[in-house]
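Residue numbers (my numbering), protein chains in the order written: chain C, 1 to 675; chain D, 1 to 406. Working notes, beginning with the structure itself.
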């Protein structure tokens with residue numbers, strides 16, 4: 001070979017030279033081997049970091065549907081106009097070179113001026129003062145760029161028929177930090193604007209129509225407390241790439257189902273890589289990992305009943321009522337309606353901040369699950385059941401004695417303390433005591449039964465305990481434990497509990513579970529808010545996750561006779577002329593109910609307001625629905641006057657919707673029993 | 001196999017070398033194309049104004065000039081060598097005069113002839129080789145005289161200092177090994193050469209110590225700031241080392257930023273070469289150049305090797321080095337076969353010059369050498385460089401044509 005020929009030659013000088021050359025070339029080869037083969041991956045990653053910008057692409061958020069597939073929350077396309085700066089590079093450059101030219105001309109003019117004044121040519125040092133400093137050049141760059149962009153934006157404004165202007169600092173900041181991304185001009189265009197733009201835009205000027213998803217709630221504020229709301233949050237969740245150069249707008253649920261099922265709704269964000277040049281302008285874009293769309297969440301809510309409940313509340317108590325309604329299927333624990341008033345707009349930014357901050361209205365609170373309320377008389381059925389189980393003869397007459405101060409009202413003495421009754425003095429059996437809601441009767445019989453028995457029954461109803469709702473707004477309520485009643489506990493404390501005052505508080509949701517258990521013969525169910533989670537695209541073949549219905553949390557283990565006696569009494573509450581809940585029933589539906597009124601006192605023992613209740617189930621013959629209505633009010637009234645009419649409207653809607661889809665419901669019921 | 005040497009046509013030129021040169025020129029055209037056509041404004045020009053086409057024209061001109069040189073025997077050329085030498089010295093002086101030499105990137109290296117930016121240093125190198133060879137081709141005995149040794153050194157230092165003044169450190173520096181090798185090949189006594197190498201080495205070491213470690217002040221050798229910076233970058237010295245002790249954090253930050261900016265070319269060249277990997281990204285597929293990370297001003301000339309290495313990978317690098325090896329070793333063969341000491345010296349000088357260019361240029365792409373404006377012969381875009389290289393090759397073929405036994 002040529003090289004070895006030269007190395008072998010008997011020509012010492014040339015041989016030496018050949019050795020040096022061969023050595024040098026080998027050194028180069030070794031260096032190249034090191035850089036291009038051994039260290040190649042390091043330089044490749046350098047190349048990637050300097051020339052790729054990663055962008056997080058949020059996945060399409062899943063929908064939230066009612067039990068019949070009606071969409072309660074979805075994504076609607078939101079069109080926005082963006083300025084693609086990379087397409088404007090040439091205009092930027094031309095504007096800059098023009099600006100530079102005029103700056104230079106100005107500079108020459110000044111020099112000429114000075115020379116004329118001094119009548120000599122300037123020295124080098126003097127000329128240097130006129131030179132353009134780097135920051136002057138940068139300013140020229142910024143200005144000319146801004147002018148080009150601003151002209152563009154003004155033109156877009158004309159096409160849209162809506163004056164637009166460009167914020168200079170914002171634009172420059174975008175240019176410096178987010179150059180690889182288009183500059184957002186106008187977001188959320190309406191259809192007319194889109195049409196005008198499409199019609200007038202000549203194209204090729206760096207302005208593009210972009211599409212981004214926005215969360216929308218087709219039924220407005222319906223079921224808002226259950227749905228919750230989302231806020232802008234671009235951060236990555238676990239299992240996704242944590243770091244991106246840029247983030248596209250994404251949302252995260254804050255409360256309600258949006259928050260509780262955020263991971264499922266959100267899906268998995270994807271990543272795109274934008275190839276940028278040395279100045280940071282976008283060259284090409286490709287998707288490294290496509291986003292995986294989120295799943296749809298199907299609620300147990302029935303939109304018709306939900307809306308009927310909301311309308312009933314608003315119709316009877318106005319939009320600022322502080323109230324809650326729960327409608328529950330007594331066999332499955334499915335929540336068919338969950339209303340909390342005052343309403344909140346799930347499109348969070350559309351809410352009036354002053355209203356959100358109102359300390360009395362507190363619209364953000366889900367009153368159906370997140371507030372403790374004293375139950376008042378709606379607690380009495382629990383006392384009745386405990387007493388019946390422990391040998392109370394429902395027909396036994398208890399004489400309510402007159403109150404010496406107000407002889408037309410009854411009263412009872414517990415020790416030395418006198419507790420007033422709202423009913424007139426006279427003889428009461430269980431039925432009459434329920435219908436008229438006699439405190440004295442239930443205090444007498446409660447004490448006779450014993451507080452332990454009632455607490456034990458209350459624990460079976462899981463009062464004072466959470467039910468793991470996915471909405472993040474849940475209160476456990478208050479209920480004494482067996483340990484609590486063994487120390488520092490007096491008969492007066494028990495007496496308070498027996499008519500639903502004192503150391504007991506519940507959420508409307510807990511009341512619904514209690515009344516469902518009474519109505520279904522003793523099964524304390526886990527309430528179900530979400531029926532299933534299913535893929536957005538049914539063709540993927542992915543199976544939906546179904547949450548089982550009618551999951552029993554506890555059984556009461558009471559005799560059927562006790563329920564029967566109680567049903568009769570509760571039916572009389574709505575049907576008896578003396579009953580307080582007679583506003584509730586609707587033709588063709590017999591309702592068992594119990595009204596209640598709890599007095600709420602402030603820390604000084606001053607009466608501030610009342611909690612009015614109506615807790616009920618229907619139909620009497622074969623209970624299927626529980627309707628619980630709770631209204632907070634400063635106005636004197638009663639559960640029967642305030643709440644029963646609302647329940648009436650809801651039952652009416654239930655009857656109507658049952659009539660509308662009897663076949664569907666029948667089928668559904670078959671499905672449930674098959675489960 | 002028995003062949004009849006009389007019937008065999010005489011091989012007049014070194015074909016192997018010509019083939020290697022031809023391939024290098026094809027590669028040069030292809031990669032100058034690749035390096036320049038990534039620039040949108042270049043693609044807008046008519047084809048005959050595009051850089052790659054100019055490069056072809058320079059190749060053709062260079063080939064003609066080289067071929068023309070072969071027509072005249074090199075002894076005749078050598079007789080004119082001192083005229084050429086002083087003519088280029090004159091040009092090198094002229095370049096330094098404002099309004100004659102044109103300024104680019106802070107250096108006066110070019111004479112603007114309107115159609116052509118003439119770079120005298122490229123031709124001075126050749127003139128130097130010819131003159132030096134002519135001078136050294138005297139009998140070996142005379143070379144033992146110190147006077148002749150110092151004359152040779154003077155012959156070398158004159159263009160060296162003038163080119164250094166431009167400033168063009170790289171081009172100036174290649175003269176030193178070329179001259180030294182020629183003296184060595186000519187048979188200058190080893191003792192002289194050792195002293196010379198030792199002296200130069202010592203000076204270079206002192207120079208580097210001064211540049212790298214001496215804080216600014218009266219002990220620092222005056223040189224262009226960018227030259228100092230390049231050396232600092234190459235040896236990985238922090239600029240902040242030279243900041244005054246009471247520098248504010250902002251000033252230090254500015255220095256660090258300046259260092260980052262100065263390291264930019266080297267860093268980008270390394271990323272280009274390294275990211276090419278084993279097989280490269282394919283012709284015109286390199287992103288470093290296309291996206292402008294490798295500065296457009298140098299991608300097609302001083303840093304053309306980065307483009308080749310990124311697009312053709314280690315395989316391409318090996319190919320380029322192999323081609324240069326062929327040219328260099330055929331050159332050495334020509335030196336060995338030369339009819340006389342003159343031919344041998346010219347060939348050895350050209351080979352050394354070429355090697356220095358290749359080594360420094362490729363070396364600076366992989367941070368083996370500091371960045372200097374030394375083009376890669378025949379691959380880099382540039383009229384003077386291409387003309388100079390092809391004329392040098394013409395000289396080489398001239399020596400081969402008039403070799404021993406012909």
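Think of the CB as a built atom: it goes at the ideal place given N, C-alpha and C, for glycine as much as any other residue.
Check	Outcome
Assumed close pair residue 91 (chain C), residue 148 (chain C) - CB separation to whole angstroms, cut-off 8 angstroms	5 angstroms
Proximity test, Cβ basis, 8 angstroms: residue 396 (chain D) and chain C	no
Every unbroken alpha helix (DSSP H) inside the segment 12-69 of chain C [4 residues or more]	12-33, 40-51
Cross-chain neighbours of residue 72 (chain D) in chain C, by beta carbon under 9 angstroms	Here the premise fails: no neighbours, minimum Cβ distance about 25 angstroms.
Among C:30, C:168, C:651, C:156, the one whose alpha carbon lies nearest that of residue 143 (chain C)	C:168
Cβ neighbours of residue 280 (chain D) in the same chain (closer than 7 angstroms, five flanking residues each side left out)	310, 311, 312, 313, 315, 316
Rounded Cβ spacing between residue 644 (chain C) and residue 595 (chain C) (contact assumed at less than 8 angstroms)	6 angstroms
Beta-ladder partner(s) of residue 281 (chain C), from DSSP	Partner(s): none; residue 281 (chain C) has no beta bridge.
Own chain, CB closer than 6 angstroms to residue 4 (chain D), minus 5 neighbours either side, in chain order	Because the pLDDT of residue 4 (chain D) is 45, which lies under 50, any placement of that residue in the model is unreliable, and the number read from its coordinates should be weighed accordingly. None.
Buried versus exposed, by CB contacts within 10 Å (16 or more), residue 624 (chain C)	buried
Same chain, Cβ closer than 6 angstroms to residue 674 (chain C), five either side skipped, listed in chain order	With a pLDDT of 39 at residue 674 (chain C), under the threshold of 50, the predicted position of this residue should be treated as unreliable, though the coordinate-derived value follows. Hits under 6 angstroms: none found.
Spatially closest choice to residue 636 (chain C) from C:598, C:119, C:618, by CA coordinates	C:598
Identified DSSP bridge partners for residue 76 (chain C)	C:214
Min CB distance residue 84 (chain C) to chain D below 8 angstroms	no
Every unbroken alpha helix (DSSP H) within the segment 335-359 of chain D, with a cutoff of 4 residues, ordered by chain	none
Cβ-Cβ distance between residue 348 (chain D) and residue 185 (chain D) below 8 angstroms	yes
Spatially closest choice to residue 255 (chain C) from C:384, C:165, C:366, by CA coordinates	C:366
Collapsed DSSP secondary structure at residue 90 (chain D) in the structure displayed	helix
is_contact[residue 14 (chain C), chain D] using C-beta, thresh 8 angstroms	yes
According to DSSP, residues forming a beta bridge with residue 174 (chain C)	In the DSSP output, where bridge partners are listed per residue, residue 174 (chain C) has none listed.
According to DSSP, residues forming a beta bridge with residue 617 (chain C)	C:592, C:626
Where residue 101 (chain C) falls: helix, strand or coil (DSSP)	helix
Any chain C beta carbon closer than 8 angstroms to residue 288 (chain D)	yes
Anticipated Cβ contact below 8 angstroms, residue 399 (chain C) with residue 437 (chain C), distance rounded	Between residue 437 (chain C) and residue 399 (chain C) the Cβ distance is about 17 angstroms, and since that is not below 8 angstroms, they are no contact.
Run of the alpha helix (DSSP H) containing residue 300 (chain D), from where it starts to where it stops	Counting along the chain, residue 300 (chain D) falls outside any alpha helix (DSSP H), and DSSP gives it neither H nor E.
Touching by the beta-carbon criterion (3+ pairs, under 8 angstroms), the segment 46-66 of chain D and the segment 118-134 of chain D	no
Identity of the residues DSSP links to residue 631 (chain C) by a beta bridge	C:323, C:612
Proximal residues to residue 672 (chain C) (C-beta, below 8 angstroms), its chain only, five neighbours per side dropped	At residue 672 (chain C) the pLDDT is 43, less than 50, meaning the model places this residue with poor confidence; the figure from the coordinates comes in the next sentence. Excluding residues within five positions, the ones whose Cβ falls inside 8 angstroms are 331, 332, 549, 550.
Chain C contacts made by the segment 174-200 of chain D, where a contact means CB separation under 8 angstroms	181, 184, 185, 187
Inside the segment 144-215 of chain D only - alpha helix (DSSP H) runs reaching at least 4 residues	146-165, 169-186, 190-213
Interface flag, residue 359 (chain D) vs chain C, CB-CB below 8 angstroms	yes
Residue 394 (chain C) versus C:423, C:406, C:357, C:442, residue with shortest Cα-Cα distance	C:442
Own chain, CB closer than 6 angstroms to residue 310 (chain C), minus 5 neighbours either side, in chain order	339
Within-8 angstroms CB hit, residue 55 (chain C) to chain D	no
Ordered list of alpha helix (DSSP H) runs contained in the segment 367-444 of chain C, each at least 4 residues	380-389, 430-436
Backbone CA spacing between residue 64 (chain C) and residue 270 (chain D) [nearest angstrom]	53 angstroms
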